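Participant: There's a structure below that I have some questions on.
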Amino acid sequence: MERQKLTTNGIYIVTAGFLTGVFVASFGLPIYSVVGFLLTCAVLIGVYTFYFVHPAREHVLRSHLFFVTIFLICASLGFVRFALATPHIDQDLLTQVGKSADVAGTIIEKPQEKGTYRLYVIQTDSKTKILVRGSMFPVYSYGDSVSVYGGLDLPKPFATDSGRTFDYQSYLYRDGITFVMSHATLTKVGEGNVFFVSKILFNLRDSLVASFERVMPYPESGLLSGIVLGDADGMSNSLTDTFRKVGIIHIIVLSGYNIMIVAESARRLFSRFGRNYSLALGALAVILFSIMSGGGASVVRAAIMALLAISAQALRRKYDVGRGLTIAALVMVVINPWILVYDLGFQLSFLATVALIWFSPFLTPHLGWITEKWGLREIASATISAQIFVMPLLIYSSGIVSLSGFFVNLIVLPIVPMLMGIGFFTGILGFFGYWVAFVPAMITYFMLFYIIWIAEHVSQIPGSYLSLSAVSPLIPVVCYAIFTAGFFYMKNKKSLSVTKQAPS
């Protein structure tokens with residue numbers, strides 16, 4: 007038991023150290039000076055621990071100093087990893103910045119529809135990624151080799167409607183994009199060399215979206231695509247803003263719950279083939295669904311946690327969801343350090359999951375006035391916890407604070423799991439025609455209509471949300487420091503209570 011606790015603490019320390027190093031490195035500090043300082047401190051503490059702290063009499067101090075040493079070493083590794091992750095800038099293209107350029111490349115991501123234009127990410131032969139803004143038509147697809155002509159530029163920061171300055175360059179660096187092209191003309195010249203499985207899955211997703219649009223009207227069809235596939239391109243900006251104001255924007259972002267539904271459904275479907283085969287096919291379903299949905303930060307985090315849970319089942323081990331979240335965060339930031347500071351989706355998803363795992367259990371016993379029927383108490387606890395934890399970051403990033411989120415989530419979330427299942431079934435039947443899918447489509451439509459109606463009417467109530475001007479980044483930092491201190495206080499208080507109640 008003690009060894010397992012030590013391993014768990016070690017994972018937390020390693021992750022905290024690495025993430026701290028990545029975070030500090032994002033401020034542009036000199037790499038050699040900072041890493042040298044951190045490693046020097048680690049060596050000094052390590053030497054002091056080894057030679058001057060007695061392993062038997064000062065066991066607690068020795069273990070604490072050991073963890074501090076590991077923390078500093080991992081922080082230096084995080085700093086180095088962030089420095090190495092800066093995308094390479096093509097010098098030949100750099101000389102053409104500010105001019106019209108002709109660039110050849112392959113579309114390597116699913117194109118995004120933005121109302122009056124489309125966004126494409128192309129990769130050149132030199133592995134340089136460029137974000138291209140093209141016209142709505144003609145439509146090009148993932149894997150197409152194209153010739154692009156348009157104005158070439160470097161991403162520049164810009165002011166948002168709320169008065170904030172958005173670091174557009176760092177935001178695109180998160181995806182390895184170093185150049186942008188505006189008002190571009192694309193011409194298909196062939197087929198590029200891309201992962202064929204991704205192409206098949208993207209085509210399947212496009213077919214499902216088309217099926218949704220075939221069997222039900224807009225905007226319900228766009229909302230269904232967001233809930234089932236995490237594809238919010240079909241939703242209007244006004245509806246997206248409305249969902250943000252009433253605190254339910256998270257239902258169009260695939261979460262761990264959605265991913266686990268996919269895994270469990272696949273496991274049950276293939277249960278006749280045996281336990282190990284069904285778990286393996288469940289894991290495969292998670293991977294394929296994550297690719298099909300575009301592999302956003304929240305999806306990848308949820309997929310990693312789901313795969314860890316499946317692995318625990320296969321090995322007949324108890325799954326520690328907190329450890330799973332920690333490992334998922336560490337793996338994602340090791341692969342792409344830029345998401346820690348510059349991917350709002352990753353940050354919100356991580357914070358909301360932290361709230362559900364560690365804060366919600368403390369809150370639930372205090373909600374005895376809410377009935378447990380239909381899971382309302384659990385939904386209330388999860389909603390309050392998640393909204394408290396993400397609110398400081400939302401205030402800093404968008405300035406919108408939902409005051410109606412608790413109420414709206416309480417009356418909307420209970421139908422979302424059913425909506426996801428019936429909606430997917432509706433999309434499959436839609437392949438065979440409108441009348442084949444008519445009955446489930448009508449059920450799905452009324453649930454979607456209900457969600458939109460609630461969101462639009464609540465958002466029009468005076469005081470249902472607040473829109474704040476730009477705030478200092480110190481505010482979320484202080485808030486999360488208070489949350490962390492409060493969590494450890496409640497945890498220690500609970501431990502002391504259990505110790506006092508234990509029989510002597």
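Heads up, the sequence shown is in our numbering, so the first residue is 7 and it goes up one at a time.
Using N, Cα and C, we set each Cβ at its ideal position, and we do this for glycine too.
Predicted model only: the values in this text are computed from it and were never measured.
Indicate the three-state DSSP secondary structure (helix, strand or coil) for H60 in the structure shown.
Facilitator: Three-state result, H60: coil.
Participant: Please check the pair V268 and V292, which I expect to be a contact at CB under 8 Å, by giving their CB distance rounded to whole angstroms.
Facilitator: That belief holds up - the Cβ atoms of V268 and V292 are roughly 6 Å apart, short of 8 Å.
Participant: Ends of the beta strand (DSSP E) at Y126?
Facilitator: Y123 to Q129 is the extent of the beta strand (DSSP E) around Y126.
Participant: At which residues does the alpha helix (DSSP H) containing H372 begin and terminate?
Facilitator: H372 -> no alpha helix (DSSP H), and no H or E assigned at all.
Participant: Going by DSSP in three states, I390 sits in which element: helix, strand or coil?
Facilitator: I390 falls in the helix class under three-state DSSP.
Participant: Once the 5 residues before and after E8 are set aside, which same chain residues still bring their CB inside 8 Å of it?
Facilitator: Because E8 sits at a pLDDT of 48, beneath the cut-off of 50, its placement in the model cannot be relied upon, and the following sentence gives the value as read from the coordinates. Correct list: empty, nothing qualifies.
Participant: Quick check on K135: buried or exposed, where buried means 16 or more other Cβ atoms within 10 Å of its Cβ?
Facilitator: Flag for K135 reads buried.
Participant: L186 lies in the beta strand (DSSP E); which residues open and close that run?
Facilitator: At residue 186 the sequence reads Val, which differs from the Leu that was named. Run containing V186: I183 to E197, per the beta strand (DSSP E) assignment.
Participant: Mapping DSSP to helix, strand and coil, what is T171?
Facilitator: Strand, per DSSP.
Participant: Applying the criterion that 16 or more other CB atoms from any shown protein chain within 10 Å of the CB defines a buried residue, is W344 buried or exposed?
Facilitator: When all chains shown are included, W344 counts as buried.
Participant: By Cβ distance, which residues of its chain are closer than 6 Å to Q393, with the 5 residues on each side in sequence left out?
Facilitator: Cβ neighbours of Q393 beyond the five flanking positions: G411.
Participant: Taking the CB atoms as reference points, tell me whether V103 and I183 lie closer together than 8 Å.
Facilitator: Cβ distance not < 8 Å, so V103 and I183 don't count as in contact.
Participant: Measuring straight from C-alpha to C-alpha, what distance separates A320 and K162?
Facilitator: Spanning the two alpha carbons is a distance of roughly 48 Å.
Participant: Quick check: V483 and I401, are their CB atoms within less than 8 Å of each other?
Facilitator: No; because the gap between Cβ atoms is not below 8 Å, this pair is not in contact.
Participant: Let me check understanding here. Comparing Cα to Cα, which of Y179, T248, F77 and I114 lies closest to E462?
Facilitator: Out of Y179, T248, F77 and I114, T248 has the C-alpha closest to the C-alpha of E462.
Participant: Can you give the Cα-Cα distance for P367 and D131, rounded to whole angstroms?
Facilitator: C-alpha separation (whole angstroms): 51 Å.
Participant: Taking C-alpha atoms, which residue in Y155, F172, V53 and P144 lies nearest to Y348?
Facilitator: The residue with the shortest Cα to Cα distance from Y348 is F172.
Participant: Measure the Cβ-Cβ separation of G330 and L354 and say whether it is below 8 Å.
Facilitator: Result no, Cβ atoms of G330 and L354 do not sit closer than 8 Å.
Participant: Please report the distance separating the alpha-carbon of T101 from that of G157.
Facilitator: In a straight line, the C-alpha of T101 is about 13 Å away from that of G157.
Participant: Excluding the 5 residues flanking V74 on each side, which residues of the same chain have their C-beta closer than 7 Å to its C-beta?
Facilitator: Cβ within range, chain order: I51.
Participant: Hey, quick one: how far does the beta strand (DSSP E) through I113 stretch, first residue to last?
Facilitator: Its beta strand (DSSP E) spans residues S106 to I113.
Participant: Among A447, I206, A358 and S391, which one has its Cα closest to the Cα of P371?
Facilitator: It is S391 whose Cα lies nearest to the Cα of P371.
Participant: When the Cβ atoms of the segment 382–390 are set against those of the segment 335–344, are three or more pairs found closer than 8 Å?
Facilitator: Cβ pair count under 8 Å is below three, so no.
Participant: Write down the C-beta distance between Y146 and P117 rounded to the nearest angstrom, noting that I regard them as a contact closer than 8 Å.
Facilitator: The pair is a contact, with the Cβ atoms about 7 Å apart (cut-off 8 Å).
Participant: When we look at the beta-carbon of A487 and count the other beta-carbons within 10 Å, is it buried (16 or more) or exposed?
Facilitator: Exposed, because fewer than 16 other Cβ atoms sit within 10 Å of the Cβ of A487.
Participant: If you reduce the DSSP assignment to three classes, tell me which class K324 lands in.
Facilitator: Looking at K324 - three-state DSSP - the assignment turns out to be coil, as it is neither helix nor strand.
Participant: Is the number of C-beta pairs between the segment 192–206 and the segment 412–428 that are closer than 8 Å three or more?
Facilitator: No, because fewer than three Cβ pairs between the segment 192–206 and the segment 412–428 fall closer than 8 Å, the two stretches do not touch.
Participant: Which residues in the same chain have their Cβ closer than 6 Å to the Cβ of G198, if we skip the five residues on either side of it in sequence?
Facilitator: For G198, where only same-chain residues beyond five positions count, the Cβ hits under 6 Å are T112, G149 and S151.
Participant: Taking DSSP as the reference, what is the three-state secondary structure of Y440?
Facilitator: Looking at Y440 - three-state DSSP - the assignment turns out to be coil, as it is neither helix nor strand.
Participant: What residues in its chain sit with their C-beta under 7 Å from that of F493, if we drop five residues either side in the sequence?
Facilitator: Answer for F493: W364 and F365, listed in chain order.
Participant: Please report the distance separating the alpha-carbon of D265 from that of M424.
Facilitator: According to the sequence as given, residue 265 is Ile; it is not Asp. Their backbone Cα atoms lie some 14 Å apart in a straight line.
Participant: Which partner residues of R139 appear in the DSSP bridge assignment?
Facilitator: R139 is bridged to L125.
Participant: I'd like to know whether the C-beta atoms of L44 and S82 end up nearer to each other than 8 Å.
Facilitator: Yes, the Cβ-Cβ distance between L44 and S82 is below 8 Å.
Participant: Tell me whether the segment 237–254 and the segment 427–447 touch, counting them as touching only if at least three CB pairs, one residue from each stretch, are closer than 8 Å.
Facilitator: No, the segment 237–254 is not in contact with the segment 427–447.
Participant: Can you tell me the Cα-Cα spacing of F185 and L125, whole angstroms?
Facilitator: Roughly 13 Å between the two C-alpha positions.
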